[in-house]
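Notes follow the structure.
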Amino acid sequence: MNLVDIVFYFFAVIIVASAAVVVLSKNIMYSAFSLLFTFFGVAGIYVLLNADFIAVTQLMIYIGGILVLIIFGVMLTTKITGLEMKTGITGKAQYAIGGLSTLVLGGTLIYVFNSTSWFKSPSVPTTSTVEAIGASLLTNYLLPFEAASVLLLLAMIGAALIARRK
Amino acid sequence: MNPEQLKILGSSFLGDLLKSVNLFYPETALVVTFLLAILVDLFTRNRPSCKMSGYVSLIGFFVTAIFLCNSPQGMSFAGTYAVDAFSIFFKWIVLITSFVIIVFSFFSKELFGEERQMGEYYTLIVGMTFGMFLLSGATNLILIYLAIETMSMSSYILAGYTKEIKRASEASLKYVIYGATSSGIMIYGISLLFGLTGSLNLSGINAYLAGNNVNHITLLISGIMIIAGIGYKISAVPFHFWTPDVYEGAPVTITAYLSVASKAAGFAILIRLLNSAFTIHAAGDTINTAWSVMKNVDWTMIIAVLSVLSMTLGNFVAVWQTNVKRLLAYSSIAHAGYILMGVAVMNYTGVSAIMIYLAIYMFMNLGAFFVVMIIANHIDSEDLEDYQGIGYRSPWLGVAMTIFMVSLTGLPPTAGFIGKLYVFTAVLNSGMYWLAVIGVLNSVVSLYYYVKVFRNMFLRGAEKANQPIELSLTVKVILIALIIPNIALGIWFGGLVNWANASAAMILK
């Protein structure tokens with residue numbers, strides 16, 4: 000096990016453990032805060048993969064934007080901090096079915112990931128990915144880039160519409 | 000990347016870009032319409048129920064249609080977007096549907112009843128049309144994903160546009176939750192496919208799969224995940240759970256829109272994905288060559304199973320429905336099943352049969368929903384029970400609904416028969432007799448619930464004949480305009496068939 004592996008597993012453990020808290024915690028505040036560690040761990044993995052731009056984006060958008068919004072949303076909602084989340088009827092049957100399907104799905108994915116010969120791009124030493132990403136966005140991926148702007152405008156109009164009183 | 004490299008990249012790209020812009024006029028017209036509709040809405044803000052941005056959208060669609068008529072063909076934007084006969088056919092279906100839906104909206108009491116601000120409604124429809132245009136031609140996985148999201152994002156909001164009505168906001172919320180899940184599954188599938196082949200363009204994926212050994216199971220899983228995302232859009236079983244609730248809760252116009260346009264766009268991308276990415280293409284291939292599937296993954300069987308499930312569940316559950324919108328929702332699931340039969344054939348005969356079917360399905364389904372909307376305007380109900388005696392109260396609505404229902408069943412001499420005929424012929428030609436038999440049996444079941452609608456209109460409630468429903472002249476004109484293609488395409492279908500046959504080909508590289 001070399002250093003990269005150790006760092007990878009360190010981040011992986013952080014991600015999985017905090018994601019489990021997000022799902023299992025009954026207090027929505029705990030869920031929101033442990034989401035912070037999930038996002039942080041994912042950013043760490045990006046750094047490990049030499050994807051510096053995406054790592055920074057992850058920090059700025061997910062932690063700086065989305066997470067803060069979630070926490071604000073939770074805090075501005077009345078009485079939410081102490082609220083017990085209603086989980087409906089979770090009997091033994093549901094746990095059994097849920098657990099079983101998770102195991103099957105997880106097992107299949109682990110098997111697939113280990114047995115597949117993934118595409119490997121020739122490794123080139125990279126200094127910074129920002130320039131390459133920028134060049135791609137304005138050449139090969141110009142249309143998706145522009146289409147995303149229409150998508151965001153639509154989402155904004157929709158959000159305003161939902162928030163409007165009438 | 001040093002400045003010299005950037006310069007080379009830029010100059011090689013400029014030529015492609017200039018060529019692409021010529022191919023992109025219809026979509027550009029749509030984006031301009033989209034922005035204009037927002038602007039016009041700002042100036043008419045103080046007048047609720049103003050139809051100004053609606054008219055702007057209609058004019059925009061008209062301009063788009065002119066560009067679409069004269070559209071050249073070719074691959075554009077560095078291989079991410081194909082403008083070919085196939086995508087142009089689907090764009091026509093989407094464009095006509097969007098146009099008709101906006102016209103329908105002008106008559107909707109549900110939408111205009113409450114002095115509602117209607118500007119965003121048209122804006123969102125134009126945005127959704129843009130998304131579906133992109134989807135018909137997208138040949139790049141990222142663009143496919145973004146196009147699906149553009150289309151979904153608008154439809155989530157449109158489904159809940161009458162947000163003070165509880166069932167509409169409930170429908171919208173359900174739609175968002177199912178939609179988010181399915182698009183999550185889809186993008187996971189996309190990432191697996193990218194990891195496997197190292198390419199995002201369908202042609203690149205195809206070339207890699209042809210030249211290299213890849214793991215079958217991974218390919219299968221990623222394919223199924225992507226198909227799950229698309230299956231959600233075309234409301235195929237088992238990805239259909241949202242359909243009945245959303246169709247029932249959304250405004251009728253939007254229900255009609257979802258059931259025709261977004262289904263057509265979903266089929267366009269499903270066919271393109273199967274053909275461009277997962278099929279082996281040889282140099283001498285003609286339009287009549289059967290597709291030979293890559294790496295022996297049995298897509299035919301997967302699609303056929305989805306098709307049988309959709310038809311059977313759709314038809315059998317529809318039998319029990321008492322709400323007409325819900326009934327039509329299950330009927331649209333069943334129709335997705337019939338169309339999937341054409342996909343399962345996996346050759347160009349199947350593709351042209353699907354195109355014929357979708358074009359006809361557009362007219363019959365829009366017609367049925369228009370009648371539902373007009374009846375709801377007058378009696379404030381969508382219950383099958385309340386349809387009793389409508390045939391006497393308004394013979395116009397009764398006769399029109401009967402024609403649309405017969406067409407949806409697929410009986411001659413209506414257009415629906417021609418659609419079914421071509422799909423079944425394609426299935427039989429490919430030798431999948433069992434699938435055709437299931438399809439025919441399902442059509443028989445569907446007869447029962449379609450007949451139930453006009454049985455209630457004519458054979459029950461004759462005593463209500465003294466409460467006539469008066470229709471305005473424009474409504475009658477629209478009804479006639481929708482009835483004509485349903486009858487005419489059942490008799491003179493040669494033109495449509497020729498057009499579909501000529502449009503089945505796709506540009507691959």
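So the protein lines, in turn, are chains A and B.
Per numbering that gives the first Met the number 0, the first sequence starts with residue 0, numbered consecutively.
Per numbering that gives the first Met the number 0, the second sequence starts with residue 0, numbered consecutively.
Think of the CB as a built atom: it goes at the ideal place given N, C-alpha and C, for glycine as much as any other residue.
Because the structure is a prediction, the values reported are computed rather than measured.
Note to self: Do Ala464 (chain B) and Gly388 (chain B) count as a contact pair if the criterion is CB distance below 8 angstroms?
What the structure shows: Between Gly388 (chain B) and Ala464 (chain B), the CB-CB gap stays under 8 angstroms.
Next item on the list: Select from B:Ser351, B:Tyr231, B:Ile417 and B:Ile490 the residue whose C-alpha is nearest the C-alpha of Val175 (chain B).
Entry: Answer by Cα proximity: B:Tyr231.
Notebook entry, point to check: CB Ser198 (chain B) to CB Ile189 (chain B), shorter than 8 angstroms?
Noted result: The Cβ-Cβ distance between Ser198 (chain B) and Ile189 (chain B) does not fall below 8 angstroms.
Margin query: Excluding the 5 residues flanking Phe12 (chain B) on each side, which residues of the same chain have their C-beta closer than 8 angstroms to its C-beta?
Written below: If the five residues before and after Phe12 (chain B) are omitted, its C-beta is found closer than 8 angstroms to the C-beta atoms of Ala77, all from its own chain and listed in chain order.
Next item on the list: Answer with yes or no whether the minimum CB distance from Asn214 (chain B) to chain A is below 8 angstroms.
Entry: Flagged as an interface residue toward chain A: Asn214 (chain B), by a C-beta distance shorter than 8 angstroms.
Next item on the list: Would you tell me roughly how many angstroms separate the C-alpha atoms of Ala328 (chain B) and Lys18 (chain B), rounded to the nearest one?
Entry: Cα to Cα, the separation comes out at about 42 angstroms.
Note to self: Excluding the 5 residues flanking Lys475 (chain B) on each side, which residues of the same chain have their C-beta closer than 8 angstroms to its C-beta?
What the structure shows: Correct list, in chain order: Trp395.
Check: Between Ile143 (chain B) and Pro467 (chain B), what straight-line distance do the alpha-carbon atoms span, to the nearest angstrom?
Finding: Computed Cα separation, rounded: 49 angstroms.
Checklist line | Trp298 (chain B) versus Leu219 (chain B) - alpha carbon distance | finding: Taking the CA atoms as reference points, Trp298 (chain B) sits about 9 angstroms from Leu219 (chain B).
Note to self: Report the start-end ranges of each beta strand (DSSP E) in the stretch 251–278 of chain B that is 3 residues or longer and not cut off at the edges.
What the structure shows: Whole beta strand (DSSP E) segments, 3+ residues: zero.
Check: Do you know offhand how far Met293 (chain B)'s Cα is from Ile301 (chain B)'s?
Finding: Distance between the alpha carbons of Met293 (chain B) and Ile301 (chain B): 14 angstroms.
Margin query: Quick check on the burial criterion: 16 or more other C-beta atoms within 10 angstroms. Buried or exposed for Gly130 (chain B)?
Written below: Burial is judged here by how many other beta carbons sit within 10 angstroms of a residue's own beta carbon; Gly130 (chain B) has at least 16 and is buried.
Notebook entry, point to check: Listing by chain order, which chain B residues have their CB less than 8 angstroms from the CB of Pro143 (chain A)?
Noted result: The answer, in chain order, is Thr79, Asn139, Ile141, Leu142 and Leu145.
Next item on the list: Could you name the residues of chain A that Lys475 (chain B) contacts, counting a contact when the two beta carbons are closer than 7 angstroms?
Entry: The premise fails here: Lys475 (chain B) is roughly 34 angstroms from chain A at the closest Cβ pair, so nothing lies under 7 angstroms.
Margin query: Is Ile186 (chain B) close to chain A? Criterion is C-beta to C-beta, closer than 8 angstroms.
Written below: It does not; no Cβ of chain A falls within 8 angstroms.
Check: So, Val405 (chain B) versus Ala264 (chain B), is the Cβ gap smaller than 8 angstroms?
Finding: Cβ distance not < 8 angstroms, so Val405 (chain B) and Ala264 (chain B) don't count as in contact.
Next item on the list: State whether the stretch 117–125 of chain B contacts the stretch 378–385 of chain B, with contact taken as three or more CB pairs (one from each stretch) at a distance under 8 angstroms.
Entry: Touching, no.
Next item on the list: Measure from the C-beta of Phe118 (chain A) to each C-beta in chain B and report whether the shortest distance is under 8 angstroms.
Entry: Yes, Phe118 (chain A) lies at the interface with chain B (some Cβ there is under 8 angstroms from its Cβ).
Check: Just checking my contact of Ala170 (chain B) with Ala158 (chain B) at CB under 8 angstroms: how many whole Å lie between their CB atoms?
Finding: Rounded to the nearest angstrom, the Cβ distance from Ala170 (chain B) to Ala158 (chain B) is 5 angstroms, consistent with a contact under 8 angstroms.
Notebook entry, point to check: Using a beta-carbon distance below 8 angstroms, is Asn49 (chain A) in contact with chain B?
Noted result: No, its Cβ sits nowhere closer than 8 angstroms to a Cβ of chain B.
Notebook entry, point to check: Are Thr473 (chain B) and Ala425 (chain B) close, meaning C-beta to C-beta below 8 angstroms?
Noted result: The answer is no: Cβ separation not under 8 angstroms.
Notebook entry, point to check: DSSP state of Asn139 (chain A), grouped into three classes?
Noted result: If DSSP states are grouped into helix, strand and coil, Asn139 (chain A) belongs with coil.
Check: With 16 as the cutoff for other CB atoms within 10 Å, does Thr107 (chain A) come out buried or exposed?
Finding: With a threshold of 16 other beta carbon atoms within 10 Å, Thr107 (chain A) falls short and is exposed.
Margin query: Comparing C-alpha positions only, which one of B:Leu140, B:Leu269, B:Met224 and B:Ser75 sits nearest to Tyr24 (chain B)?
Written below: For the set B:Leu140, B:Leu269, B:Met224 and B:Ser75, the Cα lying nearest the Cα of Tyr24 (chain B) is the one of B:Ser75.
Margin query: Give me the residue from B:His239, B:Ile437 and B:Trp91 with the minimum Cα distance to Ile359 (chain B).
Written below: When each option's Cα is compared against that of Ile359 (chain B), the closest is B:Trp91.
Item checked: Val426 (chain B) - partner residues in DSSP beta bridges -> According to DSSP, Val426 (chain B) bridges with nothing at all.
Check: Within 10 angstroms of its Cβ, does Gly325 (chain B) collect 16 or more other Cβ (buried), or is it exposed?
Finding: Note that residue 325 (chain B) corresponds to Arg in the displayed sequence, not to Gly. It is buried - the Cβ of Arg325 (chain B) has at least 16 other Cβ atoms within 10 Å.
Notebook entry, point to check: Hey, quick one: how far does the alpha helix (DSSP H) through Gly126 (chain B) stretch, first residue to last?
Noted result: Per DSSP, Gly126 (chain B) belongs to the alpha helix (DSSP H) from Gly118 to Gly136.
Check: Taking Cβ-Cβ distances shorter than 7 angstroms, what residues in chain A pair up with Leu133 (chain B)?
Finding: Those are Ala146, listed as they occur along chain A.
Item checked: Contact set between Asn139 (chain A) and chain B, taken where Cβ atoms lie within less than 7 angstroms -> Ordered by position in chain B, the residues that pass the 7 angstroms Cβ test against Asn139 (chain A) are Ala77.
Check: Taking 8 angstroms as the CB-CB cut-off, is Gly157 (chain A) touching chain B?
Finding: Chain B contact via Cβ: present.
Next item on the list: Please report how far the alpha carbon of Val350 (chain B) lies from the alpha carbon of Leu434 (chain B), in whole angstroms.
Entry: About 17 angstroms.
Check: Since Ser509 (chain B) is in the beta strand (DSSP E), which residue starts that stretch and which ends it?
Finding: Since the first residue of chain B shown is 0 and the last is 508, residue 509 (chain B) is not available in this structure.
Checklist line | Chain-order list of residues whose beta-carbon lies under 6 angstroms from that of Met51 (chain B) (same chain, five-residue window excluded) | finding: Same-chain partners within the cutoff: Val39 and Thr43.
Notebook entry, point to check: Counting only beta-carbon atoms, is Thr166 (chain A) nearer than 8 angstroms to chain B?
Noted result: With chain A covering 0 to 165 only, the question about residue 166 (chain A) has no answer from this structure.
Checklist line | Beta-bridge pairing of Asp40 (chain B) - partner residues as DSSP gives them | finding: According to DSSP, Asp40 (chain B) bridges with nothing at all.
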